[in-house]
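Enquirer: Attaching a single structure in structure tokens format; questions to follow.
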Amino acid sequence: MKNDSKGRVTKDGIRIFEEADFSGMHAAGALAARILDDIAPLVQPGTTTGHIDAAITKLVDEAGATSATIGYKGYQHASCISVNHVVCHGIPGDKRLKEGDILNVDVTVIVDGWYGDTSRMYVAGKLSRKAERLIQITHDALFEGINAVKPGNTFGDIGHAIQSFVEANRMSVVRDFCGHGLGRVFHAPPNVLHYGRSGTGAVLEPGMFFTIEPMVNLGRPETKILADDWTAVTRDKSLSAQFEHSIGVTETGCQIFTLSPGGKFHPTWG
Ligand code: MF3
Ligand code: CO
Ligand code: CO
Numbered sequence: 016m017k018n019d020s021k022g023r024v025t026k027d028g029i030r031i032f033e034e035a036d037f038s039g040m041h042a043a044g045a046l047a048a049r050i051l052d053d054i055a056p057l058v059q060p061g062t063t064t065g066h067i068d069a070a071i072t073k074l075v076d077e078a079g080a081t082s083a084t085i086g087y088k089g090y091q092h093a094s095c096i097s098v099n100h101v102v103c104h105g106i107p108g109d110k111r112l113k114e115g116d117i118l119n120v121d122v123t124v125i126v127d128g129w130y131g132d133t134s135r136m137y138v139a140g141k142l143s144r145k146a147e148r149l150i151q152i153t154h155d156a157l158f159e160g161i162n163a164v165k166p167g168n169t170f171g172d173i174g175h176a177i178q179s180f181v182e183a184n185r186m187s188v189v190r191d192f193c194g195h196g197l198g199r200v201f202h203a204p205p206n207v208l209h210y211g212r213s214g215t216g217a218v219l220e221p222g223m224f225f226t227i228e229p230m231v232n233l234g235r236p237e238t239k240i241l242a243d244d245w246t247a248v249t250r251d252k253s254l255s256a257q258f259e260h261s262i263g264v265t266e267t268g269c270q271i272f273t274l275s276p277g278g279k280f281h282p283t284w285g
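Just remember that this note's numbering sits 15 ahead of the position in the sequence shown, which is counted from 1.
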């Protein structure tokens, strides 16, 4: 039988992409990241999260791209916006941001069939000392994970790098949500856990595409889902942060598809 789909799938169900596929992921990732750059000035006390989401919808549209989240399992927005103790999947709406609120904005776009998925933290107004520390540790935890990505290492090495760093800083890693493979689909194997043991899990190979998107809480790691069936919050109401990049494994390490074109990935930059 003829099989048109290129590449192969590992015994763990992880697709191995070809070198030519990296450019499609770079295009999609760059658009998602540019949109997150462009909405930064809107994040101010008094703005609603619905207004930020509407701006994102417009930017996706103007780029001739497609939102991956609108219509995904019934979700109706171009972003998830998760404020303060919301861990992830916050639904944009009429709530106005207050001075000192911290928020994660998560955007996934489809460009020529390729998915670009990234999220980062913002602050409305001035960053408090404790929120700044949470955001810094969460950002650095993502890069501890990214630095563990190279052929021969395992997914457990990524999780271990993130968890040990976060816990050494007396914060906690959320267990209830994970990163994921992606490419020409939104969510594919493997589940990329942000905790774990070195040397466990599937072995990384060049051509694997996935996200790393640790959620870190100031308090305990447990979450619960609100009655809207989407919004995940910390059970103890402690502050939560998240950063997400989409990456591809290379012969020597990895490429990040969702780098900020404006160098604005962190709220205190740009
Ligand atoms: N972008 C999220 C992720 O990182 C998924 C959002 S799905 C939605 O995987 F439906 F909530 F938008
Ligand atoms: Co993701
Ligand atoms: Co995302």
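All residues carry an ideal CB built from backbone N, CA and C; glycine is no exception.
For VAL58, does the three-state DSSP call read helix, strand or coil?
Expert: If you number the sequence shown from 1, residue 58 lands on position 43. The answer is coil: DSSP assigns VAL58 none of H, G, I, E or B.
Enquirer: Taking Cβ to Cβ, would you say LYS113 is nearer than 8 Å to ALA139?
Expert: Here residue 113 refers to the residue found at position 98 when the sequence shown is read from its first residue. Here residue 139 refers to the residue found at position 124 when the sequence shown is read from its first residue. The answer is yes: Cβ separation under 8 Å.
Enquirer: Run the proximity test for CYS95: is its beta-carbon closer than 7 Å to any non-hydrogen atom belonging to ligand 1?
Expert: The residue given as residue 95 occupies position 80 in the sequence shown. CYS95 Cβ: within cutoff of ligand 1.
Enquirer: Verify the contact flag: GLY160, CB atom, against every heavy atom of ligand 2, threshold strictly below 7 Å.
Expert: To locate residue 160, count along the sequence shown from 1; it is residue 145. No - ligand 2 has no heavy atom lying nearer than 7 Å to the Cβ of GLY160.
Enquirer: Classify TRP284 as buried or exposed, calling it buried when 16 or more other Cβ atoms lie within 10 Å of its own Cβ.
Expert: Numbered from 1 along the sequence shown, position 269 holds the residue referred to as residue 284. So TRP284 counts as exposed.
Enquirer: To the nearest angstrom, how far is it from the Cα of GLN91 to the Cα of VAL122?
Expert: As a working mapping, residue 91 is identified with position 76 in the sequence shown. As a working mapping, residue 122 is identified with position 107 in the sequence shown. If you take the alpha carbons of GLN91 and VAL122, they lie about 13 Å apart.
Enquirer: Near GLY65, what residues of its chain come up, given a Cβ to Cβ distance below 7 Å and the 5 sequence neighbours on each side ignored?
Expert: As a working note, residue 65 is residue 50 in the sequence shown. The answer, listed in chain order, is PRO107, GLY108 and ASP109.
Enquirer: Contact check, GLY222 vs THR169 under 8 Å by CB: the rounded distance?
Expert: Taking the sequence shown and counting its residues from 1, one reaches residue 222 at position 207. Taking the sequence shown and counting its residues from 1, one reaches residue 169 at position 154. That belief does not hold up - the Cβ atoms of GLY222 and THR169 are roughly 16 Å apart, past 8 Å.
Enquirer: Could you pull out every residue in the same chain whose Cβ sits closer than 6 Å to the Cβ of VAL126, ignoring the five residues on either side in sequence?
Expert: Along the sequence shown, read from residue 1 onward, the residue named residue 126 stands at position 111. Excluding positions up to five away in sequence, the list reads ALA42, ALA43, LEU46 and ALA80.
Enquirer: I want to check one thing, is the minimum distance from the CB of THR226 to the heavy atoms of ligand 1 below 7 Å?
Expert: Residue 226 sits at position 211 when you count from the first residue of the sequence shown. Within the cutoff, so yes.
Enquirer: By alpha-carbon positions, which one of ASN232, GLY234, HIS104 and GLY198 ends up nearest to SER38?
Expert: The residue given as residue 38 occupies position 23 in the sequence shown. Cα-wise, what sits closest to SER38 is GLY198.
Enquirer: In chain order, what residues of the same chain have a beta carbon less than 7 Å from the beta carbon of GLY171, not counting five sequence neighbours either side?
Expert: In the sequence shown, counting from the first residue as 1, residue 171 sits at position 156. Within the same chain, GLY171 has close Cβ partners GLY211, ARG212, SER213, GLY214, THR215 and GLY216.
Enquirer: Considering only heavy atoms of ligand 5, does any lie closer than 7 Å to the CB of THR123?
Expert: Only ligand 1, ligand 2 and ligand 3 can be found as ligands here, which leaves ligand 5 out of the picture.
Enquirer: Helix, strand or coil: how does DSSP classify ASP9 here?
Expert: In the structure as shown, the chain begins at 16 and stops at 285. Residue 9 is therefore absent and cannot be evaluated.
Enquirer: Take the Cβ of ASP243 as the centre, count every other Cβ of all protein chains shown within 10 Å, and call the residue buried at 16 or more, exposed below.
Expert: What you label residue 243 is simply residue 228 of the sequence shown in a count that begins at 1. By the 10 Å Cβ count, ASP243 comes out exposed.
Enquirer: List in chain order: all unbroken alpha helix (DSSP H) runs of 4+ residues lying wholly within the stretch 51 to 108.
Expert: You should have 64 to 77.
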